[in-house]
Amino acid sequence: MTKEFRSVQGFNDILSPEIAKFQHIESVARRCFGLFNFREVRTPVLEQAGLFERSIGTSTDIVEKEMYTFEDKGGERLSLRPEGTAPVARTYIEHNIDKQDALQRWFYIGPMFRHERPQRGRLRQFHQAGVEIFGTDDPFADVETILLADTIISSLAVRDVTARLNSIGCPVCRPAYLKELRSYLGSVRERLCEDCRKRADTNPMRVLDCKKEGCLEATASAPRTTDHLCNDCSGHLSGLRSGLDALKIPYTIDTRLVRGLDYYSRTVFEFAPARDTRAQNAIVAGGRYDYLVELLGGPHTPAIGFAMGIERMAALIDTPVQRGPAVFFVPLSSESRVKAVRLAGVLRHTGRTCEIGYGEKTIKSMLRRADRLGADLVIIIGEEELRDGFVTLKRMSDGTQERVNDADLPDAVGRMKS
RNA sequence: GUGGGUGUAGCUCAAUGGUAGAGCAUUGGACUGUGGCUCCAAGGGCUGAGGGUUCGAACCCCUUCACCCACCCCA
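Position 82 of the first sequence, counting from 1, maps to 81 under numbering that gives the first Met the number 0, and the rest follow consecutively.
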């Protein structure tokens with residue numbers, strides 16, 4: 000069949016039963032955010048293109064070729080947000096949050112957009128849940144951010160996920176490090192892949208992140224960020240590590256871990272399935288961005304956060320069982336349907352989920368439907384029930400059924416269900 | 001952006017140039033107001049689309065579209 004309309008490439012419909020995973024992940028995430036006392040912030044999906052260009056960095060792939068950027072009718076250059084941090088930082092600045100209380104703990108959940116070739120774990124519209132802590136450079140904020148990510152992952156019963164961690168320094172120590180790294184990379188240049196030769200000039204730290212064997216070997220003895228941190232950065236890192244150790248949160252230091260976004264400083268981290276060697280396997284990633292708010296025109300505001308990929312998390316969990324309705328009504332005439340609607344209203348008032356069968360279908364087909372939906376109880380209303388003011392209440396699990404007077408229905412439903 | 005793979009019923013897949021099929025699902029019946037189990041039956045397809053070769057194409061060729069996977073990169 001040729002369908003006239005289909006969803007746009009990389010923009011997927013999410014429907015039952017897959018939707019149950021999303022609902023579960025989001026509700027677990029919300030609960031954890033709430034328990035850590037983070038407040039929700041909802042920002043628009045559209046922002047000025049410049050916000051991302053400046054924050055993420057113009058030489059990153061995201062900005063260079065993956066943004067949905069267009070001119071609207073007013074001639075403004077707008078972008079669908081490719082990530083959540085920059086918009087939230089913009090919000091922090093725009094509403095002068097620091098004037099009230101510079102320390103803020105925020106979370107967001109929503110769709111993000113990147114124009115890439117879709118594949119496993121990568122879509123053009125995807126969903127992230129993330130947090131940001133603004134207004135402190137206390138390493139304990141880093142600890143708590145990582146703890147929160149770890150809490151969500153374990154609350155979702157996802158196993159064998161490991162955390163990798165690194166510090167990429169700050170404007171004080173990074174220039175000297177980069178100088179050293181550049182000269183090292185120059186010395187092994189001919190052993191690097193073509194991409195990495197370019198990166199060696201434009202974004203040398205990314206060379207460390209290359210997965211190609213030749214590059215891995217060539218950079219095996221490259222200078223490490225962690226050996227070139229200034230006193231403050233190194234103190235920050237050890238504060239973070241001792242916090243994680245004290246809480247017994249497992250992690251490994253990975254000096255090759257740099258992140259793809261320009262705004263990170265000091266702490267960067269990533270959670271990924273231990274066994275999965277595929278490239279796009281990070282389910283949570285984040286880091287510190289102490290200079291982003293400033294870069295966007297706000298006051299100096301150290302901050303840290305992470306983003307979790309909801310689709311990627313969904314790939315790691317089982318589909319939760321979706322409960323059927325507590326009660327499915329089987330009215331055998333239009334008069335009895337009126338009664339069914341009335342009784343369903345009473346039951347819904349007591350918190351029972353009810354669905355009423357439609358149409359001229361036979362009792363058999365309606366019962367089949369009730370069975371398929373997984374209804375606990377069925378209420379049959381025919382001629383006799385209508386005339387004498389009762390209903391036939393049937394328990395699907397064992398088929399037992401009884402006559403129940405209309406007025407006794409809520410009690411009888413409670414009794415039969417248990 | 002580059003490379004590979006796949007498109008046949010709602011779903012998962014057969015059919016290798018000669019009448020398009022199965023399982024599951026759906027609907028109905030056996031069972032006239034009673035679901036699941038079993039049995040019986042039915043509906044459902046321009047074989048992604050367009051063109052070509054051939055007496056004849058799901059199958060071969062060309063074009064195109066879509067999806068999947070990988071690279072790149074990222075959540």
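Just so you know, even glycine gets a beta-carbon here, dropped at the ideal spot from N, CA and C.
CA-CA distance, A217 and D194?
-> 14 Å
Hey, how far is the Cα of G185 from the Cα of R258?
-> 22 Å
Reduced DSSP secondary structure (H/G/I, E/B, other) of A88 = helix
Tell me the DSSP bridge mates of E401?
-> L392
Three or more beta-carbon pairs under 8 Å between the stretch 110 to 122 and the stretch 322 to 331, yes or no?
-> no
Report the partner residues of V267 according to the DSSP bridge assignment.
-> Per DSSP, N165, G286.
Endpoints, the beta strand (DSSP E) within which P330 is located = 326 to 330
List the DSSP bridge partners of S78.
-> E46, T68
Can you give the Cα-Cα distance for I303 and V171, rounded to whole angstroms?
-> 18 Å
Relative to the alpha-carbon of A273, which residue among R205, D289, P249 has its alpha-carbon at the smallest distance?
-> P249
Mark H235 as exposed unless 16 or more other C-beta atoms lie within 10 angstroms of its C-beta, in which case mark it buried.
-> So H235 ends up on the buried side.
Taking the alpha carbon of T59 as the point to measure from, which residue in M395, R205, N95 has its own alpha carbon closest?
-> R205
Cβ atoms of I252 and L164: under 8 Å apart, would you say?
-> yes
Near R30, which residues of its chain fall below 8 Å by C-beta distance, leaving aside the five closest residues on each side in sequence?
-> S154
Among D405, P324, M395, which residue has its Cα nearest to the Cα of R341?
-> D405
Using alpha carbons as the reference points, say which of F139, Y107, A148 lies closest to T161.
-> A148
Enumerate in chain order the residues of its own chain whose CB-to-CB distance from E25 is below 8 Å, with the five nearest sequence positions on each side excluded.
-> I108, A128, I309
Under the three-state reduction of DSSP, which class applies to R240: helix, strand or coil?
-> helix
Among residues of its own chain, excluding the 5 on either side of D191, which ones have a beta-carbon nearer than 6 Å to its beta-carbon?
-> According to the sequence displayed, residue 191 carries Leu and not Asp. If we look at L191 and ignore the five residues flanking it on each side, its Cβ neighbours are C214, A217.
Have a look at H299 and T135 and give me their C-alpha separation to the nearest angstrom.
-> Computed Cα separation, rounded: 10 Å.
Using DSSP with H/G/I as helix, E/B as strand and the rest coil, what is F51?
-> helix
From the DSSP output, read off the bridge partner residues of T251.
-> R163
Taking the continuous alpha helix (DSSP H) assigned at Q99, which residues delimit it?
-> It spans 96 to 100 - the alpha helix (DSSP H) in which Q99 sits, taken as one unbroken run.
Which word fits V267, buried or exposed, when buried means at least 16 other C-beta atoms lie within 10 angstroms of its C-beta?
-> buried
Rounded straight-line distance, which links the Cα of E3 to that of N36 | 47 Å
Using three-state DSSP, classify F133 as helix, strand or coil.
-> strand
Inter-residue Cα distance where the pair is M395 and R119 = 40 Å
Name the DSSP bridge partner or partners of G109?
-> Q127
Under 7 Å Cβ to Cβ from A374, same chain only, skipping five residues before and after it: list those, please.
-> G323, P324, V326, F327, M395
Nearest-angstrom Cβ-Cβ length linking M418 and A19, presumed shorter than 8 Å | Because the chain is modelled from 0 through 417, residue 418 falls outside the range shown and cannot be assessed.
Less than 8 Å separating the beta-carbons of S78 and E46?
-> In contact: S78 and E46 (Cβ atoms closer than 8 Å).
What's the call for G33, buried or exposed, on a 16-neighbour Cβ count within 10 Å?
-> exposed
In the DSSP assignment, find the unbroken beta strand (DSSP E) run with L376 in it and report its ends.
-> Going by DSSP, L376 is part of the beta strand (DSSP E) stretching over 376 to 380.
With DSSP run on the structure shown, which of helix, strand or coil describes R116?
-> coil
Hey, out of E293, D410, S182, R173, whose CA is closest to F133's CA?
-> E293
T68 and R76 closer than 8 Å at C-beta | yes
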